[in-house]
Each structure stands twice: as C-alpha cells, then as structure tokens.
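In this note's numbering, the protein residues as written are 272 to 942.
One structure below.
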C-alpha cells in the first residue's frame, strides 16, 4: 500500500521511450492475452468527395508528427515481467486498410469487418493504432457520397476524449484547414497515476484514499442485498474461454438534434444533468430485465466510469493521447423501488445526480485512480460475477467535432469496443454535433444481442416513449409475460402517464386484453401480438370495446400464432384469423404474420386455399403483406385482385407443386 503514496518515477526512459504505467501495462496485457479485449474504435461517417489513400495517409502522417504515441512501436520491457514501453520511430507507418464497399452497405460493412477482425492483437514492434477507409469505387466522381474513416486503437493509450480529439484533428488535416497545428510535436503524455500523484499532497492522498476505503466499507455493510443481475445465457464452455467463443455485439439508440435539444431543455427544467436522466432511463430499463425473486430481494448496482483529466491540478488537455479514466462508488437502489411514473423517474434522476456529486466532492475519482491499476490485475483471475455491478455506464460528454471539414460534412460518429471478456452490459453516452447516441455493448452469447437491444431501446424510450414492449423473450426464444412486480409497475404507473404518446405496443396473450382496455391510446397505430390462439383471435377481434382502436387506428399489425403445444391444430386457423383481421381493421396498411426470422412456421399455421370453403377475405386498404402459405398456388390466389392497393408482398412458400391451371380473379367482389 505504501507504493500508492510514493512519488512515481518518470515514465520517460529517454527522449524516445516511455514506460507504461501499472494500469496501462495491465490493459495491454489483457489485450494481448484475451484477443484484443478493451480495444476502442470510432467510425467517422462523412459525406463528400472521394478520399484518396494518399490524402488519408498524408493526414495520418500529420497526426503522427504531432502525437508521439502514434509514431511509437509497442515493445516488451525485458527488465520487468508483464511490462511494456513505447519507442518512438519516425519511420513508422501506421496500417491503413482500404475497403471497397457498395453505397448501400455504408452503414453495415464496417460492422461486418469489425466482427471478423476484432480479435486481432497488436503486434509487438508495431504501432498501436490502425485506420480503415471505406467507400464505393463507383462513387469516385460523386462529390456527395457517404465515406467512412475508422480508427482502432489500444485503449491503454487513449480514452474517448483524447481519441475523439485526435480524430477531429485528422479531419482538420484532411481538409487542410489548419496545418500550423502539425508543425511541432507534443510532449509524451502524462500517465493517470503520475497526474494524480502531482495533484495531491501526501496528506491529500492519505485522506482521499482513507475516505474512499471507509466509504466502501460502509457501503458494503449497509447494502446486504444481492446484486440484481441481467440474465445471462447458459453456455457449453468455461468462462475462462470466453475470448475464444464469444464476440462483441453492439446496439445503438440515437436521438436526433430536435430530440436531443428537447431532452436538454427538459433536464434544465427538472434540474438534472443529461447524464443523470439517461442513466435513470437505463436504470428503469434494467429493472425490467433483471430476474425477480421475492425470496431474495435484490438491488441494482450502477457503476459510473469517470474522466479524471479535469480533476487534476492543473488539468490535462484532451489532445494528450492517453488513458485518464477512473470511477466512483456504485449507485445502489432496491429493485422494487424503481418508479415507472414520469414524476418518479425525474426524482430518481435527481437522486442519481446527488450521488454523483457526493462522490466527486469526496474525491472518489482520484482515489480510485490511485489504486485502479492494482484492481485491474484481478481481471487475470477466473471470471466472476460476485462483485460485478448490474450495468456499467460511461458518459463521454459533448465530443469536439464540427459539422463541416472543408469539402466533407461529418454526418455522425459511431463508437465501438472489444468486450469479448465482459460479463455485464457496458453503456456509453455521447453527443456529437447535437446528436445524442447511447451505445450498449455486450459479450455474445453470454449476454445475447436481444438483451442489449432491449436495454438500449427501453433506455431511450422513457423520454420519448412511442414503442412499448410488455413482454419478455427467454433465451430460447419463448415469449412470456413480464414478472408480476415489473408488469404491475408498468401497468399502474407507466401506462397512465404515457398512454397518449404510445404509437406501438408489443403484447402477449395473458395481458393483451387487460392492457388494451386499461387506457385510451389516441396515437396507437402499430400493434404486435404474440402467441395468439384461434379462440383469442376470434374474441379479441370481435371485442366491441376494442372496435374503435382496431377499426380506425391500427395501420400496421404484426401477429404470431401460438405454437402447436398451445392450440389444437386446425387447417383453417389462418383463414379464420385473416378473415377476422381484415373484417375488423378498416385502415390496415401493413399486415405481417410471423415477422421474425427465428420463428419456424408449421404447416397448420400456413394459409391454404385448398379447403372446402376457401378464403374469401379482401381489403381495399392493405398495401404490404407478409404471410406464409402452403404452396405456390396459394401465393397466386393472394394476387388475384383481392388486395387492390397491394404493392409489397413477402411470402414464405412451403412447397412448389405445379400451379392450378385456372386462378379465378376475385376482383369483382371488391366493388
């Protein structure tokens, strides 16, 4: 422990070399040992003229001239086990990959490439960053096409603030806006441990760390509940082998400029920060996903990652490419105390903000920064859920980008991480040019992608709620009712507050009638109904109390029929359901049966016209139909004129016998 208070030796061995700190060494070691774990990347989405490889290479060269880390090679320190250093080499050329793609793939191809390459580790003796350039060769002469520049860097030598600042400089160099910035080099960046050491006196270190340790002991003593966990999958490999079997899955929730500004103004009115508001939304969404057990009360533990740069005396500028990230004690709240009402959520946001202020004022960020290198070494032991929080959150704040760089417009920036050894969801919040993005990262299959999607989606919904999902899907895909405490809070607190905002509902059979009849939904236009039985469909679509919603409001209906273990198989189930739907829903524009690719549709749930009484339903409003049929003849019957507005048709055909010689056109009964 005495080492925490001793003056740190200078990390600079000589003018051309810099030793990594304890934390930086641990992060590099983890990246090397666990297939690139914790590597960080950012995608710059640009719109403008063709970017030549030479122009990008020249701009990167300017960055290397300015930042010693970018012109350094990673080397092993032979004098100390598991230790590394950076060695400057002015001849180093960072790797640049030029990846051709089609314009239609400009939002997805970089993700596919990252999926294939995320486990690549930095080669000893090479640079710690690489760049990708993605664009369509057919757009070389188009001055207004999408382009992507991707950077991937070892997290040990950068954080979100510094990496984003350097990418802002890259775009400045690319556009030739301010070449004076790159005429001279910055000094080697200071490590976090060294910056904390110089910012606190010996007495300050002792008191800050003592307060932190006593606070941690008190927190443990007064919070005896088990930590609430978001369910993880059962896997057939030991957790120690996660890097070999897992990959990172990431999903994003984005608020446009208008929505972001609306959120900022609302936060000002309520007296909370945007970080507190978004974190509270994530708290509420997590409370809907965790396992509930009345016999074992749980509490949500939310760990906040925090920037240390502005806590130093004097502060360290964001352009210093280095890692300055610490944290604070978790925010803890009993799971059942999460309120789903609008008023309750804003009160929770205030409590969350007060917790963060107490932690900051108590010096916890610098205190944890003193010992975080020691804590990080626990990563190299067997993975364990014991002390992990429910969710970890990092607010990257407002990042230093501009909307225009010479001939290129910055449309947005997308972050990504390698989390192949992560055991809990990791969430980041950032704002770029007025657009707020929430990133949710998980380790698939430990944390399945659909968990991240749901966590991310719900987190962005409470402020602008228009799509509410009142069901849960188990890890094997089975649709279930939400746990009673969660459903109770949603039903009694959330629905009365936001019912007028809801545009889309996802419901399952045990609760759908209760939910649909609970309140008015004046703006409800889309409905997804899962596991519908024939008897329920007949009753539901014939329910007089629901006539107003179904008959006039619903324009899109997604429906999944119950499995054979729930209903008695009947060959006319699809005929009955379709007839009732198209009779009831006068303004239906889009109808989708089994709209999810992971659901296998059995024969009894396919429409067939080879019945003693073939279907005679029709619609004068339907424009889009997704349906499953028995054979190709059934497909032709659906196109016989019964849907005169139909322009989009997705059909799954079970088999392809020779079609019937005559298909009778039914257009007559539409008059």
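For glycine and all other residues, C-beta sits at the position ideal for the given N, C-alpha and C.
- Per DSSP, the beta-bridge partners of residue 406 are 371.
- Taking C-beta atoms under 8 Å as the contact rule, residue 307 and residue 689 qualify, at a distance of about 5 Å.
- Contact between residue 542 and residue 621 holds: CB atoms are separated by about 7 Å, below the 8 Å threshold.
- Beyond the five residues adjoining it in sequence on each side, residue 600 comes within less than 7 Å, by CB distance, of 486, 487, 490, 630, 635 in the same chain, given in chain order.
- Pairwise C-beta distances place the region 547-567 in contact with the region 604-616, as three or more of them are shorter than 8 Å.
- Residue 881 carries a coil assignment under DSSP once its states are collapsed to helix, strand and coil.
- Judged by DSSP secondary structure, residue 575 falls within the beta strand (DSSP E) whose first and last residues are 569-578.
- Nearest to residue 664 by C-alpha distance, out of 709, 832, 397, is 709.
- The beta carbon of residue 336 sits closer than 6 Å to those of 453, all from its chain and outside the five residues before and after it, given in chain order.
- Contact check for residue 295 against residue 437 fails: the beta carbons are separated by 9 Å or more.
- Residue state for residue 762 is assigned as helix, using DSSP reduced to three classes.
- In the structure shown, the three-state DSSP call for residue 784 is helix.
- Closest option to residue 917, judged by alpha-carbon separation, among 432, 892, 879: 892.
- The shortest CA-to-CA distance from residue 921 to any of 913, 909, 915 is the one to 909.
- If only uninterrupted alpha helix (DSSP H) runs of at least 4 residues are considered, those enclosed by the region 431-499 are 431-446, 463-470, 473-493.
- Two segments are said to touch when three or more pairs of C-beta atoms, one from each, lie closer than 8 Å; by this definition the region 300-319 touches the region 678-693.
- Remark: C-beta atoms of residue 828 and residue 856 approach each other more closely than 9 Å.
- Note on geometry: alpha-carbon atoms of residue 825 and residue 888 lie some 18 Å from one another.
- Under the three-state reduction of DSSP output, residue 752 falls in the coil class, being neither helix nor strand.
- In chain order, 279, 292, 293, 294, 640, 641, 644 place their CB closer than 8 Å to the CB of residue 464, counting only its own chain and leaving out the 5 sequence neighbours on each side.
- About 50 Å separates the beta carbons of residue 753 and residue 338, which is beyond the 8 Å limit, so they are not a contact pair.
- In the three-state reduction of the DSSP assignment, residue 312 falls in the strand class, which pools E and B.
- Separation of residue 717 and residue 786 (C-alpha to C-alpha, rounded to the nearest whole angstrom) is 32 Å.
- Note on residue 658: under 16 other CB atoms within 10 angstroms of its CB, so exposed under the neighbour-count rule.
- Per DSSP, reduced to three states, the secondary structure at residue 833 is coil, with no helix or strand assignment.
- By the C-beta criterion, the region 439-457 is judged to be in contact with the region 669-681, since at least 3 inter-stretch pairs fall below 8 Å.
- Assignment of residue 328 by DSSP, reduced to helix, strand and coil, places it in the helix class.
- Inclusion of residue 798 and residue 766 in the CB contact set at 9 Å is not warranted, their separation being larger than that value.
- Between the C-alpha atoms of residue 796 and residue 638 there is a straight-line separation of about 52 Å.
- For residue 623, the closest C-alpha among the options 614, 431, 603, 706 is that of 603.
- If you draw a straight line from the Cα of residue 299 to the Cα of residue 903, it comes to about 58 Å.
- The beta carbon of residue 794 is closer than 6 Å to those of 774 in its chain, skipping five residues each way along the sequence.
- DSSP places residue 524 inside the beta strand (DSSP E), whose first and last residues are 518-526.
- Between the beta-carbon of residue 315 and that of residue 467 there is about 32 Å, and that puts the pair past the 8 Å contact cut.
- If you draw a 10 Å sphere on the C-beta of residue 529, you find fewer than 16 other C-beta atoms in it, and that means exposed.
- Inclusion of residue 741 and residue 703 in the CB contact set at 9 Å is not warranted, their separation being larger than that value.
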